[in-house]
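A short worksheet on the structure shown next.
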Amino acid sequence: MKSTPALLRAVLAAAIVFGVLASPSLAAQRGEGQRVLDDRERMLDSDTWIYGDLERGIQEARKTGKPLLIVFR
Amino acid sequence: MARPSKDDPDGKALLDLLDKFVCVRMVYANGTDLSLFHFDHDLTFAAFILNADRKIYGRYGSLPDPRSGLSGVSQRGFSAALRGALELHAGYPDNAASFSGKRGPKSPVAVPEDFDTLSAYREDLEWSSRNVARSCMHCHQIGTAWLDYHRRRKEALPENVLFPWPMPNVVGLQLDVDHSARVQRVDTDSAAARAGLQKGDDIVELEGQAILSIADVQWVLHNVQAATRLRGALLRNGERVAFTLEVDAHFRRPKKGLPFRWTDRHLSLGRVSGLGLATTLRDLTDEERAERGLDRRGLALVAAAPGRGGGPGGRRGGGARAGLALQEGDIIVALGGIDRRMSESDVVAFCLQEQARAATIEVTLLRGGERVEVEARLR
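Chains as they are written, first to last, in our numbering: chain X, 1 to 73; chain S, 1001 to 1379.
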């Protein structure tokens, strides 16, 4: 069948194009995800910062009498 | 703002101050209490200073204006805000009533995930998944969701959704980023000049609210919905001086061009208005109007060359696909039957407020000297 090689070529070409386009995006997402996880791990060890837990911060402020600083970053 | 260091005097001062606070860092917007946390969603650094009773003392963080070279934050300015907050905290609860204005109105949606456009997000991130980044909602997405919220309901966009968090320069004030709210410059013939503000003044109160930062001034301006007189107090040579700042209903709209924050892809002119204008619009000068025999009080916005990316000034507006296909040199002289003089910002506001429920809008153009009527589709 004449159409099969043409179809295969089209599928292969589409796969290559998709691969080229998709790879950097997926890699970027993996990189960003790792950065989020790394940042979280570092902040969870911090003596200064409570990470992503407003209620814990409020409880801590009530206990210590200190004001709260909430940073969205 | 650079990461503070103990080796640097400003950094050390800031780090010492942080010890006096319970510090919470939020790196994602998922689950944010929208009735408590009203802030500029375009910021990459936004700080709230409050107490355990959720009484807000102040905000910190302002958007740098790339056009003016204005930096939004500094270690010294941040320290000044924190010192001010400690003073307020020392006076609590006797001063509790003075913080009511610091908190905004109750939000119609409790958390961002309640917006239709953000409903795919969950309250927490998918920490155990490699999709953790994709599950993380960014603050700017909340700003965009507010626009969509009103547009989907075909409601007129409030001024403070369309032109949010105006910098003090809209009233002619340049504030020093290294202080709480110290006046660095007052523009001549501005609302600030008419209020008698001077270089070196420290604004300490506005509309009954203690001012700790430039963001606190922005908060007051952000909430102005109509022409009004804002009452404030400043310190000048150690003396407290009262002032009144008079603003009109559209004080926050740029006189030329669009707000710099609209250069963000999500807030491009084409997206928010649906007009799909592929060019910037410039108000013809009085001289240019005289040459063309056009009224000085009438609408006369000329389409400039398209910017990079097919959108106005590099913004991705959607171009002709979205509706109105303007050509360079076209002059819009009427819009929806209105022919009064308007700026580019006024035109967008007109479409999104007065024409919020309309599906199309009549546009009258001058093209090559001929009058052309076209119908543009509004999304």
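Glycine included, each C-beta is placed from N, C-alpha and C at the ideal position.
*THR1144 (chain S) by DSSP, collapsed to three states: which one?*
The residue given as residue 1144 (chain S) occupies position 144 in the second sequence. Note: THR1144 (chain S) maps to helix in three-state DSSP.
_Contact list for ILE1049 (chain S) against chain X, beta-carbon separation under 9 angstroms_ = As a first step, residue 1049 (chain S) must be located in the second sequence, where it is residue number 49. Per Cβ cutoff of 9 angstroms: PRO67, LEU68, LEU69 and ILE70.
*Same chain, Cβ closer than 6 angstroms to ARG1103 (chain S), neighbours up to 5 away in sequence not counted*: Looking up residue 1103 (chain S) in the second sequence gives position 103. Excluding sequence neighbours, ARG1103 (chain S) sits near ILE1056.
*Measure the C-alpha to C-alpha separation of ARG1134 (chain S) and LEU1125 (chain S) and round it to an integer number of angstroms.*
Here residue 1134 (chain S) is taken as the residue at index 134 of the second sequence, counted from 1. Here residue 1125 (chain S) is taken as the residue at index 125 of the second sequence, counted from 1. Distance between the alpha carbons of ARG1134 (chain S) and LEU1125 (chain S): 9 angstroms.
_Given this structure, state the Cα-to-Cα distance separating VAL1374 (chain S) from ALA1349 (chain S), to the nearest angstrom._
Counted from its first residue, the second sequence places residue 1374 (chain S) at position 374. Counted from its first residue, the second sequence places residue 1349 (chain S) at position 349. Their backbone Cα atoms lie some 20 angstroms apart in a straight line.
*So, are the CB atoms of CYS950 (chain S) and LEU69 (chain X) less than 8 angstroms apart?*
One cannot answer for residue 950 (chain S) here, as it falls past the ends of chain S, which runs 1001 to 1379.
_Judging by CA-CA distance, which residue of S:GLN1209, S:ILE1049, S:ARG1367 and S:HIS1150 is the nearest neighbour of ILE58 (chain X)?_
Position 58 of the first sequence, counted from the start, is the residue given in the question as residue 58 (chain X). Answer by Cα proximity: S:ILE1049.
*Assuming ARG1059 (chain S) contacts ALA1210 (chain S) (C-beta within less than 8 angstroms), just tell me the rounded distance between them.*
Here residue 1059 (chain S) is taken as the residue at index 59 of the second sequence, counted from 1. Here residue 1210 (chain S) is taken as the residue at index 210 of the second sequence, counted from 1. Incorrect: roughly 12 angstroms between the Cβ atoms, too far for contact.
*Which word fits ARG1130 (chain S), buried or exposed, when buried means at least 16 other C-beta atoms lie within 10 angstroms of its C-beta?*
Your numbering for residue 1130 (chain S) matches position 130 in the second sequence. Exposed is the call here.
*Taking all protein chains shown into account, do 16 or more other C-beta atoms lie within 10 angstroms of the C-beta of GLY1368 (chain S), making it buried, or fewer, making it exposed?*
Translated into positions along the second sequence, residue 1368 (chain S) becomes position 368. Its Cβ having fewer than 16 others within 10 Å, GLY1368 (chain S) is exposed.
*From the DSSP output, in three-state form, read off ARG1367 (chain S) for me.*
Working through the second sequence from its first residue, we reach residue 1367 (chain S) at position 367. Note: ARG1367 (chain S) maps to strand in three-state DSSP.
_Residue of S:ASP1295, S:ARG1289 and S:ILE1331 minimising C-alpha distance to VAL1302 (chain S)_ = Position 302 of the second sequence, counted from the first residue, corresponds to residue 1302 (chain S). Taking the Cα of VAL1302 (chain S) as reference, the smallest distance to any Cα among S:ASP1295, S:ARG1289 and S:ILE1331 is reached at S:ILE1331.
*With DSSP as the reference, please indicate the residues paired to ILE1203 (chain S) in a beta bridge.*
By 1-based counting over the second sequence, the position of residue 1203 (chain S) is 203. Here ILE1203 (chain S) is bridged, per DSSP, to S:LEU1234.
*Closest to PHE1243 (chain S) by CA distance: which of S:GLU1207, S:PHE1039 and S:GLU1155 is it?*
To locate residue 1243 (chain S), count along the second sequence from 1; it is residue 243. Nearest C-alpha to PHE1243 (chain S): S:GLU1207.
*Look at GLU41 (chain X) and ILE50 (chain X) and say whether their C-beta atoms are less than 8 angstroms apart.*
Here residue 41 (chain X) refers to the residue found at position 41 when the first sequence is read from its first residue. Here residue 50 (chain X) refers to the residue found at position 50 when the first sequence is read from its first residue. No, these two residues do not count as a Cβ contact at 8 angstroms.
*Is ALA1133 (chain S) helix, strand or coil by DSSP?*
The residue given as residue 1133 (chain S) occupies position 133 in the second sequence. Three-state result, ALA1133 (chain S): coil.
*Mind checking whether ARG73 (chain X) and VAL1132 (chain S) have CB atoms under 8 angstroms apart?*
Within the first sequence, residue 73 (chain X) is the residue found at index 73, counting from 1. Within the second sequence, residue 1132 (chain S) is the residue found at index 132, counting from 1. No. Outside cutoff.
*So, using beta-carbon positions, are ALA1192 (chain S) and LEU1258 (chain S) closer together than 8 angstroms?*
Locating residue 1192 (chain S) in the second sequence gives position 192, where the first residue counts as 1. Locating residue 1258 (chain S) in the second sequence gives position 258, where the first residue counts as 1. No. Outside cutoff.
*Hey, is ARG62 (chain X)'s beta-carbon within less than 8 angstroms of any beta-carbon in chain S?*
Locating residue 62 (chain X) in the first sequence gives position 62, counting from the first residue. Yes, contact with chain S.
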